[in-house]
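Protein chains: 2
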Amino acid sequence: MAKTTRRTDGLSKELIVKAATDLLDGGGEAALTLRALTTHLSTGYGAIYHHVANRGDLLAAATDDVIARVMTGVVIDADPRDALRAVALGLFDTIDAHPWVGAQLSREPWRPALLEIYESVGRLLDAFGVPEQALVDAAGALVHYILGAAGQNAANSQILADSETDRSDFLSAVAARWSRLDPDQYPFVHKAATQLREHDDREQFLAGVDIFLAGVATLR
Amino acid sequence: MAKTTRRTDGLSKELIVKAATDLLDGGGEAALTLRALTTHLSTGYGAIYHHVANRGDLLAAATDDVIARVMTGVVIDADPRDALRAVALGLFDTIDAHPWVGAQLSREPWRPALLEIYESVGRLLDAFGVPEQALVDAAGALVHYILGAAGQNAANSQILADSETDRSDFLSAVAARWSRLDPDQYPFVHKAATQLREHDDREQFLAGVDIFLAGVATLR
DNA sequence: ACCTGAACACCGTTCAAGT
DNA sequence: ACCTGAACACCGTTCAAGT
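So the protein lines, in turn, are chains Z and W. Our numbering applies: residue 29 is where the first sequence begins, and numbers increase by one. Our numbering applies: residue 29 is where the second sequence begins, and numbers increase by one.
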């Protein structure tokens, strides 16, 4: 049977990372098991551990890979505001497409993935006119907002993917639960429930970026 | 031996959640194992599963508990700006003290924990003068920033706790690595390296809150 | 109702042995 | 150098059996 024949071509870290990404995209972080990887690559455990230190290393490498792909597309000679919005939205969409990346990014802050993000955001904020002494704080804040919002959104998508209910049913259910709350005790959430159903995640995310940029503009 | 005698008082979800919180605070999310719980509470698996659906339920209940404790202290009749800073800092400090809460909060958005947070932030932004049609976007953005920044900070603390190196050694090591980067390819990160050693996480976090509030103020 | 603990079906990782 | 796969030390969860 073809399934049990040993692979003839050589294995590589790149190949393993690619297979890991496929598993992660298909079923979330829990789907990346060494056993699934060996069958997927029709090889043994030792082969994988020969190219990769452990599961955590593999997860980190896959994250770096995904982020590097989106960050290389960053255009620098556009208007800084447009470029910042583009970078933010690019990260949002990438994390939406690869939800496991969201949780992973906060794990190892010195990794290439986060470095690329800070560099792009910091440089664009510089071009945007943020004074030098405020630049680090501003970049940190914007990166935290982007990753926080994208991570939350990704977690929501993950829940939707797992539960097999579709998006509008899910939002309706949450909205219904929220509007059932006591308006005296929860005035804000009670009111927000009506807006929940028709809201667009990407638009809300960009609205947040704009609020942040308006705040940053007051520093100039 | 006392260790193996069966407990005489009854078990309860509250007691189990408390024990789980102790384990989580002591060794992070990986430290919460059902085996550790049974020995900690000197009981069996069935006893725990009688009060709690599964490990995820326990993790969620512990998170709700921690967040409820910090959110009940929110003062509402202060200046909205001060109150917002206080809520933000309270969450930051709580997540710093219980790092596992950071990752957990993004997992189940309809849970009481996140509900309390949205309600407080939304109400305070309303008092701050944010126009109604922008309120949901603004609250979402601020909550995402708070949780993103606090979560990242908590992840860093977790790494420090695991690696047994102290904070200033760790920051020095990262700063050294960053200043070794090519200044042409990484102008921002290269420059930021010098500021890394003396920066204060809480102050940087509050600077981000202020940037955000300045942006929100332009909506009024 | 509340609890016990052996058993089950999984994990990641190691390592002697092969080519 | 590169790879195999049995074995090990863990997991969360179940469930027949006890009080």
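Where is the CB? At the ideal position from N, CA and C, for every residue including glycine. Quantities reported herein were computed from a predicted structural model and do not represent experimental measurements.
- Proximity of the segment 201-218 of chain Z to the segment 144-158 of chain W meets the contact definition, three or more beta-carbon pairs being nearer than 8 Å.
- The Cβ atoms of phenylalanine 120 of chain Z and arginine 230 of chain Z lie closer than 9 Å to each other.
- With contact defined as three or more Cβ pairs closer than 8 Å, the segment 114-132 of chain W and the segment 89-96 of chain W are in contact.
- With fewer than 16 other CB atoms across the displayed protein chains lying within 10 angstroms of its CB, threonine 222 of chain W is exposed.
- In terms of Cβ geometry, histidine 68 of chain W and leucine 52 of chain W do not form a close pair [threshold 9 Å].
- By the Cβ test, the segment 233-240 of chain Z is in contact with the segment 109-117 of chain Z, since at least three Cβ pairs between them sit closer than 8 Å.
- Secondary structure at glutamine 213 of chain Z: coil, using DSSP grouped into helix, strand and coil.
- Using a CB distance cut-off of 9 Å, serine 185 of chain Z does not count as an interface residue toward chain W.
- Taking a C-beta distance under 9 Å as the contact criterion, leucine 175 of chain Z and valine 244 of chain Z do not qualify as a contact pair.
- Rounded to the nearest whole angstrom, the C-alpha separation of leucine 143 of chain Z and valine 217 of chain W is 8 Å.
- Minimum Cα-Cα distance from leucine 152 of chain Z among the listed residues Z:Val103, Z:Leu86 and Z:Arg63 corresponds to Z:Val103.
- When rounded, the separation of the alpha-carbon atoms in lysine 219 of chain Z and glutamate 136 of chain W is 21 Å.
- In this structure, phenylalanine 198 of chain Z keeps its C-beta atom at 9 Å or more from the C-beta atom of leucine 209 of chain Z.
- In the same chain as valine 158 of chain W, and ignoring 5 residues on each side of it, the C-beta atoms closer than 8 Å to its own belong to Ala166, Val244, Leu247 and Arg248, in chain order.
- Annotated three-state conformation of serine 70 of chain Z is coil, per DSSP.
- Across the set W:Val129, W:Gln180 and W:Leu234, the C-alpha of W:Val129 shows the shortest separation from the C-alpha of glycine 54 of chain W.
- Cβ-Cβ distances below 7 Å link alanine 75 of chain W to Leu39 in the same chain, with the five nearest sequence neighbours on each side left out; the list follows chain order.
- Judged by DSSP secondary structure, leucine 143 of chain Z falls within the alpha helix (DSSP H) whose first and last residues are 140-156.
- About 29 Å separates the Cβ atoms of glutamine 232 of chain Z and glycine 101 of chain W, ruling out a contact at the 8 Å cut-off.
- Listed in chain order, the non-local C-beta contacts of leucine 224 of chain Z below 8 Å within the same chain comprise Leu199, Val202, Ala203 and Trp206, local neighbours out to five positions each way being set aside.
- Around the beta-carbon of histidine 126 of chain W, 16 or more other beta-carbon atoms lie within 10 Å, marking it buried.
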